[in-house]
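Below: one structure, written as structure tokens.
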Amino acid sequence: MDMRETFVAGTTAILDDDPRTALVLADISAAAFEPARERHPDRVLNVGIRESLLVGVAGGLAQTGLRPIAHTYAPFLVERAFEQIKLDFGNQDGNGVLVSVGASYDNAQAGRSHHAPGDVALIDTLPGWEIRVPGHPDEVGPLLRHAVGGDGSVYLRLSTRSNDTAHAGTDGRLVPLRTGHRAVVVAVGPMLSAVLAATVGLDVTVAYTNTVRPFDGAGLRELAGAVGDTVILVEPYLAGTSARVVDDALLDRPHRTLSLGVRRVDLHRFGTPADHDVAHGLTPDALRHAIAGFLLPG
Amino acid sequence: MTTATEDLLGYEDLPALLTRMTGDEKHEPSATSTLDVLWVLYDRVLRVDPDSVHDPARDRFLLSKGHGPAAYYAVLAAKGFFPRHYLDDFGSYDSPLGYHPDRTRLPGVEISSGSLGHGLPLGVGVALGLRAQGFTDARTYVLVGDAELDEGSNHEAIAYAGATGLDALTVVVVDNRSATHGWPGGIGARFAAHGWSTATVDGRNHRALESALTTPLPGRPHVVVATVEDKH
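If you read the sequences in order, they're chains G and E.
Every number in our numbering is 332 more than the matching position in the first sequence, counting from 1.
Every number in our numbering is 75 more than the matching position in the second sequence, counting from 1.
Set out below in structure tokens:
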């Protein structure tokens with residue numbers, strides 16, 4: 333199963349098990365959730381192609397004590413309905429779970445309207461949101477259950493891109509996968525496979541995470557301290573999105589940070605996600621060049 | 076909240092409460108366009124009082140049009156939802172009474188508002204959430220302004236609530252003809268086209284408001300257009 337199918341199966345089971353939960357849709361994935369809707373017509377709500385209403389309704393459900401999950405494509409969930417996310421959840425002292433599909437340029441052929449590399453940066457302007465970026469479908473189920481079972485607001489960012497295997501659970505900690513001496517490369521979510529390929533033979537630590545907010549600053553301090561406080565972030569959305577949390581983690585220590593990710597350009601191009609990896613410098617070759625070039629002569 | 080030391084006040088006391096916030100003895104109609112609707116709701120319609128603000132089965136009132144909240148604060152203060160001395164510090168840094176209401180700061184306020192077009196979608200969610208939990212006697216009321224209807228998010232909610240027959244929802248549109256481009260054909264017609272039942276009444280007539288707000292109309296959502304004096 334891919335991430336989206338895992339989400340559908342997991343959410344369907346959660347709706348069966350927990351009468352406190354509700355799912356709000358805006359046509360996207362509605363067919364996949366039809367069995368759940370038939371069983372729980374009052375808690376599986378499809379508002380049509382109305383994303384402002386999608387988030388507003390989810391916020392209203394939260395006000396009555398339900399635990400809402402709102403789901404659609406990332407650009408429409410986060411960018412189109414951003415003021416609803418800002419005001420209809422946190423400002424009301426309410427919480428919910430947002431689950432997007434269509435990460436960054438997953439839908440490369442659809443063009444810029446369907447690309448949302450800025451979603452994590454936008455959510456990060458709001459206080460208190462947990463941001464989860466699974467890198468493998470097997471990470472989705474535990475993250476989903478953890479998110480819905482909690483009380484806070486969570487953004488769960490699903491992608492068609494995936495690493496070869498799952499590497500992290502729900503504790504939000506950085507997971508060191510390789511140890512080196514000249515830098516720590518933090519690979520976020522589905523960037524890990526490319527990072528592992530890019531760093532073969534380089535004397536660097538590679539650490540993985542599927543959780544960027546809250547960020548494991550303590551874990552980074554420990555790993556960075558062993559490599560001269562040289563940090564390379566590789567994120568599958570806008571480059572630099574997590575640079576501020578790296579700075580916060582290393583506030584009292586001189587450090588160097590290289591932020592890699594999706595560039596701030598509107599390419600007006602279609603093609604495949606792999607084509608866009610090339611355009612944004614996120615292929616293993618391009619990553620290797622950038623990472624090696626950032627290492628101090630040693 | 077400690078409200079036991081203060082007696083409940085009546086409609087005739089509202090001007091004095093408004094004066095404590097505005098400092099003015101006279102109140103322009105535009106500052107009090109919602110006053111009678113709010114009074115009728117809290118005095119005769121809503122099943123909520125200072126003791127039941129956390130009761131999950133209470134009626135909900137969502138003031139979507141949050142600007143010009145003095146009338147709202149005056150009515151809540153008269154009904155004992157918060158100590159009346161709050162009124163004297165309206166809008167200060169530490170006051171629970173902002174120029175738009177904040178539900179985290181003031182007992183009885185169901186939503187924080189300010190940005191127009193949020194209350195009605197939230198109200199749809201509240202009504203659906205109450206239904207899903209079996210609180211079938213609880214009604215959800217949302218007050219919007221006629222100019223607020225300019226915001227497109229309202230029309231997403233109007234269409235969806237009508238299509239799904241969300242009959243636990245009542246919207247009150249306080250119409251002081253302040254929408255820049257107006258509503259040719261009437262505000263009620265916008266809702267009726269989506270299957271809502273509609274009533275248009277004098278927004279200063281308490282009996283007419285009470286009747287329109289309490290008449291049971293099962294099977295579809297209900298809108299009451301409360302007409303008041305022109306803003307300009």
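Quick reminder that beta carbons are idealized off the backbone N, C-alpha and C, glycines included.
Closest to residue i by C-alpha separation, out of the options, would be which residue?
i	options	result
D82 of chain E	E:A153, E:R279, E:A146 and E:V246	E:A153
N495 of chain G	G:G603, G:A526 and G:S361	G:A526
V184 of chain E	E:S127, E:G237, E:L244 and E:H102	E:S127
F651 of chain G	E:D242, E:S228, E:L241 and E:D177	An answer regarding residue 651 of chain G cannot be provided, because it is not within the stretch 333 to 630 covered by chain G.
A268 of chain E	E:H256, E:P291 and E:G237	E:G237
A448 of chain G	G:A529, G:L552, G:A364 and G:R596	G:R596
A390 of chain G	G:A363, G:R352, G:L555 and G:P407	G:R352
D130 of chain E	E:Y161, E:T239 and E:L205	E:L205
L628 of chain G	G:D609, G:R588, G:D598 and G:P605	G:R588
A243 of chain E	E:G189, E:D177, E:F165 and E:V199	E:V199
P522 of chain G	G:S436, G:P568 and G:P586	G:P568
H193 of chain E	E:L138, E:F157, E:V298 and E:Y235	E:L138
D277 of chain E	E:V115, E:T245 and E:R295	E:V115
From the DSSP output, in three-state form, read off residue i for me.
i	result
V563 of chain G	strand
L628 of chain G	coil
F210 of chain E	coil
H160 of chain E	helix
Y86 of chain E	helix
H193 of chain E	coil
I381 of chain G	coil
S445 of chain G	helix
I262 of chain E	helix
P522 of chain G	helix
I401 of chain G	strand
T511 of chain G	coil
P171 of chain E	coil
S574 of chain G	coil
A301 of chain E	strand
L284 of chain E	helix
S485 of chain G	coil
A274 of chain E	strand
G240 of chain E	coil
A254 of chain E	coil
Say whether chain E places a C-beta atom closer than 7 Å to the C-beta of residue i.
i	result
L393 of chain G	yes
D350 of chain G	no
T573 of chain G	no
R375 of chain G	yes
T457 of chain G	no
R620 of chain G	no
G388 of chain G	yes
A402 of chain G	no
Counting only beta-carbon atoms, is residue i nearer than 7 Å to chain G?
i	result
V246 of chain E	no
L311 of chain E	Residue numbering for chain E in the displayed model covers 76 to 307; residue 311 of chain E lies beyond these limits and cannot be assessed.
E226 of chain E	no
S190 of chain E	yes
P296 of chain E	no
K171 of chain E	With the sequence shown as reference, residue 171 of chain E is identified as Pro, and Lys is not the correct amino acid for it. By this cut-off, P171 of chain E is not an interface position.
H193 of chain E	yes
P196 of chain E	yes
M76 of chain E	Because the pLDDT of M76 of chain E is 48, which lies under 50, any placement of that residue in the model is unreliable, and the question is left without a value.
What residues of chain G sit near residue i, judged by a beta carbon separation below 8 Å?
i	result
E87 of chain E	Here the premise fails: no neighbours, minimum Cβ distance about 34 Å.
R178 of chain E	Q424 and D425
G155 of chain E	Within 8 Å Cβ-Cβ: nothing; G155 of chain E doesn't reach chain G, min ~23 Å.
P131 of chain E	T396 and G397
Check the Cβ of residue i against every Cβ in chain G and list those closer than 9 Å, keeping chain order.
i	result
S187 of chain E	L419, N423, Q424 and D425
V199 of chain E	V379, L385, G388, V389 and G392
Say yes only if the C-beta of residue i is nearer than 6 Å to one or more non-hydrogen atoms of the ligand SAM, and no if none qualify.
i	result
T497 of chain G	This structure simply doesn't include the ligand SAM, nor any ligand for that matter.
Report yes or no: is there a C-beta of chain A within less than 7 Å of the C-beta of residue i?
i	result
T353 of chain G	Among the chains of the structure shown, chain A does not appear; the protein chains present are G and E.
At 8 Å on the CB atoms, spell out the chain E contacts of residue i, in chain order.
i	result
L398 of chain G	G204, A207 and Q208
Report the neighbours of residue i on chain E: residues whose CB is nearer than 7 Å to its CB, in chain order.
i	result
E415 of chain G	S190
What residues from chain G crowd round residue i, counting only those whose CB sits closer than 7 Å?
i	result
E231 of chain E	R382, S384 and L385
Y235 of chain E	V379, G380, R382 and L385
Problem - Contained alpha helix (DSSP H) runs [length at least 4] in the stretch 450–479 of chain G, N- to C-terminal order - result: 451–455
Practice task
Scan the stretch 109–136 of chain E and note each continuous alpha helix (DSSP H) run of 4 residues or more that stays entirely inside, going in chain order.
Solution key: 110–115
Practice task
Output the residue ranges of the alpha helix (DSSP H) runs that lie fully inside the stretch 386–442 of chain G and measure 4 residues or longer, sorted by chain position.
Solution key: 414–420
Practice task
Pick out the complete beta strand (DSSP E) segments inside the stretch 580–623 of chain G, 3 residues or longer, and give them in chain order.
Solution key: 588–594
Exercise for the section: Could you name each continuous beta strand (DSSP E) segment of 3 residues or more that falls completely within the stretch 336–369 of chain G, going from the start of the chain to the end? Expected result: 353–357
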